[in-house]
Amino acid sequence: MSESKANHTFAFYLGCIAPNRYPGCESAAIKTCKKLGIDLVPLKGASCCPAPGAFGAIDLNVWYAMAARNLVLAEQMKMDIALLCNGCYKSIWEVNHKLKHNKDLRDGVNEVLKEIDMEYKGTCNVYHIAELLYNEKYVGVNKVRDSVVTPMTGARIAVHYGCHLTKPHKDREFEKSIMLNTEHPSWMEELVAAIGATPVEYRNKMQCCGAGGGVRGYDIVHSLDITNEKMINIMEAKADALTNICPFCQLQFDRGQIEIKEKFGISYDLPVLHFCELLGLAQGMSPQELGLDLHAISCEPFLQKVL
Amino acid sequence: MARTKGYPEALEKKLKDQRFYREDSTPDFVNRIEKISRTMAHMCFQCGTCTGSCPSAPRSSYRIRKFMRRAVLGLENEALTDPDLWLCTTCYSCTDRCPRDIAPTDVIMAMRNIAFTHDIVPVNFLKTVQAIYKTGHGVPNNDVNRAAREKLGLTRDPPTTHMYPEYMPGIRKILDHYHMKENADRIVKEREG
Amino acid sequence: MMVEKKKTTTKKTETKKQEAKKVAPVKQEVKKQAAAPAPAAQNAVAAPGATTQKDARIGVFICHCGTNIAGSMDIQAVQDYAKTIPHVAYVDNYKYMCSMPGQTLIQKAVKENNLTGVVVAACTPRLHEPTFRTATKDAGLNPFRFEMANIRDQNSWVHMHDREGSTEKAKDAVRIAVAKAALLQDLFPKSVPVEPAAMVVGAGVAGMQASLDLAAAGIKTYLIESDMSIGGRMSQLDKTFPTLDCSQCILTPKMVDVGRSEKIELMTWSEVENVEGYIGNFEVTIKKKARGVMTPKEAAAKGIVGGGCNGCGDCDAVCPVIKPNVFEVGMKPRKAIYINHPQVVPLIYTIDFNACVKCGLCVTACGPEKRAIDLNMQDEFIKVKVGTVILATGYDIFPIENKQEWGYKRYENVITSLEFERLICASGPTGGHLVRPSDGQTPMRVAFVLCAGSRDNTGIGKPYCSRFCCMYSLKHAHQIVEKIPGCVPYIFYMDIRSFGKMYEEFYYRIQNEGAKFIRGRVANILEDPKTKNLHVYADDTLLDRPVDMEVDLVVLAAAIEPKADTNRTRKLFGVSCSQDGWLLEAHPKLNPCGTTTAGVFLAGVCQGPKDIPDTVAQAEGAASAASIPIHMGEVELEPYFAQCIEEKCAGCGMCVNLCPYSALSLVEKNGRTVMQVTEAKCKGCGTCGGFCPGGAIWMQHFATPQIVAQIDAFLLGGEE
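Chains as they are written, first to last, in this note's numbering: chain D, 1 to 307; chain B, 308 to 500; chain H, 501 to 1220.
Spelled out as structure tokens, the structure:
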């Protein structure tokens, strides 16, 4: 399969966990998108989004200002932002949305940004890569299917949507309104099916991973207990792997399984892959190329099944 | 939260009047919450959909409905000193389902904001602040990861503030504007000595 | 067209009447045979339409009622059994006998099998007797050849878990019904003319609306009100939820219309004294209580030209006697000669003769021209004839001091909602300023106690929901927030029942305006003796903490209860009460305006708690129902009346005194004294028939041989 001509270019906002804990996600996103006609250009000097749970909890004004700084960097590049993390989406998209629609808030933020010679103008848009992949205006399910060289035939894959991309749906706007279904969505399953795998339904699939809101840092056992409930439900559905679209969720499920083993004495050994990693495999990239060997839970059993 | 099992404290607690009096309430608590959260907390009619949706509720004493009630009644002290305040994972399921179109998650966030002004905040939140002040990232890079990145053909440091530390003064300026570092350092020092 | 139609109907009735009379002696024959049944046949055949046991051919139709009946018994077993019962010529069953296919099935079976009677084993006569009578009639039989066996309400529903038992009981019920059906006679309903006038008792919003509707339909209407003016409870209210329009503003146009309508004869300060008769022909005696003041009309009738009360109030000014004004819930004084409030209709003063000292100052003040006051006026009794009656007698406020924990009448600053209405009303005792009764200060913290005496099974309060307290308390909260800046209403509630149109939206609005809701029933209230402030104790069930709320004023949303004289009303009009004491409707869902007495209808709260929209809706429904017989011009009566078998009547007259409906009298016939029945008055109760020592009274459709046959069928299990 030849690489398509790049039709779209986005400033690639990395966040923290993808580049610093799961660099495979970062490289997978860049490579898979390239094959689908999307150029991801580094957003130089970006910082933490900042983490909506941690920063939003302490002082929302700092959260607005810090996120606005990242947005201004993209505005200066005259580019829209693409990102691959639900938490980052919450900060970057939502602050962008709030600032665009609220003059008081915007003025307050610009007063602070002035101190560092920046001004938020509201000229850029923010997209999650999963959204770009699903929306045929950019890629679409068919193009994703066409890009597959190693179909994941026979693999049973559970989907974790995460929270902050689509919830609260009343505050979200998507070009594909189907993404506003937060009770029982299926657009991710469509993407999973497009790469030849079998998406599996499991009980309470929209439940939170348990990491957000600073709870992972505040009370790890509480946080893992939520993760554990999800794991039980996923295992009951006999999934071979769990896919997600948020490195923080990935961290909670991947490293969380090790912590669950330590703290609760239960082991699941379920491979956890960001959808970009999964797509990379389907597009014929090697596991090493995608950094799957960096995962806490070995992806080997899953890889043997699909490759 | 560590509890002293000492008799005097337990007795004091036992003898405490648990009744709710009008004087217990700070009437403008709900107004401050609404200003920060931009949601009409006072319209809560206590249906409990929020607690029913909450992933934290079944495994703790955290009841978001109860926090909404405290907001409406102005029970500021009771709400802010309750350690359960920090058990919200911000999954927004309650906000998605609230029949009164309130965002209870944002009410919790507003309460946390107000708590912070009273120095009530778990240390892990402050550590994130300190990390960002230092590196621009809440979860910073490390040597193991640098090697891994290299293997993948990525730059050892990502093209963020890690690779471009010249952006850090700007970030610190923003944080300093809100005295974030100063407060975080002070509180962490108080807690950890 | 109408007249022509009426004529034909009347003619028909006459022939039917003759036929019915002809039938009576024949039945006597049947009765005679009851002891020795066999030979009766020949005699009876002679009479047209009569059937004897011998040639009776009965069809039995068993209804499943979905699974209501079929789920609890063996229908097939009942059907198989029915085939073995004497006289049964045809048996069938169907899922829903009352449906069109079910009725068609009956009609077809009657025709194809030459049936003489129909038994349907199904629900109750109350529900479907009319349905199956019509089916029987459409099949070519006299509709009274139909008998119903109740195998649902009195069987499958009560013996839901006893399949065998209920099946056996159904067999019994069918056998008993067949026994009667074999002896049923053709009967012909009687029509009576309807007096083209109606009476409405009570001139609150329900009675006024019903009267206006009847008047608009061209019907002469007597509107009877025991108070001195019309308007009822609604005229005491300040604003109404959820629209917040002023109660008086929307009520006064109706009051004025009532006063003006030529079709409405308004009688205030009047009460119903006695009622006789039946649908179409009620004779009502009305007591016009001595008012002490003449209307211009009454004065004119006495030859005082240009005289009578013009509402000037000169008498009021000079009257030396001061009494509490009941309309203002005692919070404002009035004189012995008074009006309730300035907007009264009719604007005629009334003397409270219990208070009047007859000093005569008012007579002097009234002057020689008007000469409106007559201190020696006596009660007057007037008889009117009406075709139908609507009861709209309203409600009382539950004496909430009986619930002692809330301290009403013990603590000055605990008031009722009705008192609140008067205090917040611009025309009320304080000119619309809400004040604490103890010191006249404006309250800044007001607690509202919902379900005060409602939803209370202690025997002191009322077990039911009073249905409008939630909404008016929300309205009260709105009013204080609006009128007293900074004043906080605390609403103590168990549930907020905001079920009506725009009610939930109203609740939302009031909460948004700053009302504080505390979910918990108020346990008790204590007064701070120094400040006269009140401590309200409750459980904030949502916070899970006991509450001690110090407030300046407490408003009790007191329950409502049936009028003190409901029992008298009930007896006067022959209607019933439900167990909660309100007047009983004919059917709670399908006939909410009717009563068990034909021609008597209900409107408003006298039937059960309801708010203004529901009250007005029911009043319009009752007016419509009450106008139907009047517009039809005549009503059909069930032909269940007693008949005198003159040869056997000894003319003793004992039955005449026993009859509760005055339907019997003694007449001279062929030189003998015999009893005669006024059929229209007879309700077929059977008192006379049961008593008659000579067995000279024949109860149509419930004749002795028919009932004896039923008893025999049951006791003898179908064996002769």
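Even glycine gets a Cβ: it sits at the ideal position worked out from N, Cα and C.
Given the structure is predicted, the values throughout are model-derived calculations rather than measurements.
Using a Cβ-Cβ cut-off of 7 Å, H/VAL949 is close to nothing in chain B; its nearest Cβ partner there is about 16 Å away. H/PRO696 is not a Cβ neighbour of H/LEU1137, given a cutoff of 8 Å. In this structure, H/ALA790 and H/ASP879 form a Cβ contact; the two beta carbons are roughly 5 Å apart against a cut-off of 8 Å.
The beta carbons of H/VAL821 and H/ALA855 sit closer together than 8 Å. Non-local C-beta neighbours of D/ASP240 in its own chain, meaning closer than 7 Å and more than five positions away in sequence, comprise ALA155, ARG156, ILE157, PHE302 and LYS305, ordered along the chain. Take H/GLY940, set aside five residues on each side of it, and no residue of its chain has a beta-carbon closer than 6 Å to its own. Those residues of the segment 361 to 381 of chain B placed with their C-beta closer than 8 Å to a C-beta in chain H are ARG372, LYS373, ARG376, ARG377, VAL379 and LEU380, ordered along the chain. Its chain contains MET944 as the residues whose beta carbon lies nearer than 7 Å to that of H/GLY986, once the 5 sequence neighbours on both sides are disregarded; these appear in chain order. The C-beta distance from H/VAL705 to H/MET728 rounds to 17 Å, too long to meet the 8 Å contact threshold. Residues of chain B whose Cβ lies closer than 8 Å to the Cβ of H/GLN1011 are, in chain order, HIS349, MET350 and PHE352. For D/PRO247, no beta strand (DSSP E) run applies; the uninterrupted alpha helix (DSSP H) run containing it begins and ends at 247 to 264, by DSSP. Among the residues of chain B, those whose CB is under 7 Å from the CB of H/ASP1040 are PHE327, following chain order.
DSSP places B/ASN490 outside any beta strand (DSSP E); the residue lies instead in the alpha helix (DSSP H), whose first and last residues are 487 to 499. Taking a beta-carbon distance threshold of 8 Å, B/ALA410 counts as an interface residue toward chain D. Note that the C-beta distance between B/THR462 and B/HIS444 is not below 8 Å. When the five nearest sequence neighbours on each side are left out, the beta carbons in the same chain lying within less than 8 Å of the beta carbon of H/ALA817 are those of ALA865, in order along the chain. Using a CB distance below 7 Å, the part of the segment 109 to 137 of chain D facing chain B consists of VAL112, GLU115 and ILE116, ordered along the chain.
Scanning its chain for C-beta atoms nearer than 6 Å, with the 5 sequence neighbours on each side dropped, one finds around H/GLY1189 the residues ALA1142, ILE1197 and MET1199, in chain order. Per DSSP, H/LYS680 is one residue of the alpha helix (DSSP H) stretching across 663 to 681.
If you look at B/ARG376, you'll find it in the alpha helix (DSSP H) that goes 371 to 380.
The Cβ of H/LEU1034 sits no closer than 8 Å to any Cβ of chain B. The beta carbon of H/SER770 lies closer than 6 Å to those of ILE724, ILE786 and LYS788 in the same chain, with the five residues before and after it left out. Residues of chain B with a Cβ closer than 9 Å to the Cβ of H/MET1049 are, in chain order, PHE327, TYR328 and ARG329. A straight line joining the alpha-carbon of H/THR1096 with that of H/ALA679 spans about 29 Å. In the DSSP assignment, D/ILE297 falls outside any alpha helix (DSSP H) and carries neither an H nor an E. Put simply, the segment 946 to 962 of chain H touches the segment 1018 to 1036 of chain H. At least three CB pairs are less than 8 Å apart. Three or more beta-carbon pairs separated by less than 8 Å link the segment 271 to 278 of chain D to the segment 292 to 299 of chain D, which places the two stretches in contact. Contact between the segment 245 to 257 of chain D and the segment 80 to 97 of chain D is present: three or more C-beta pairs spanning the two stretches fall below 8 Å.
Taken in chain order, the whole alpha helix (DSSP H) runs of length 4 or more contained in the segment 724 to 787 of chain H are 747 to 760. Within the segment 1058 to 1104 of chain H, the complete beta strand (DSSP E) segments at least 3 residues long are 1060 to 1062 and 1100 to 1102, listed from N- to C-terminus.
H/PRO989 has a beta carbon lying at 8 Å or more from every beta carbon in chain B. D/GLY280 does not reach chain B, its nearest Cβ partner there being about 11 Å away, counting only Cβ pairs nearer than 9 Å. For the pair H/GLN1118 and H/LEU1083, the CB atoms are not nearer than the 8 Å cut-off. Between H/TYR908 and H/ILE1025, the alpha-carbon positions lie close to 9 Å from each other. Close to D/VAL62, with beta-carbon spacing below 8 Å, are these residues of chain B in chain order: ILE481, LEU482, TYR485 and MET487. By the CB criterion at 8 Å, D/ARG203 and D/ASN233 fall inside the cutoff.
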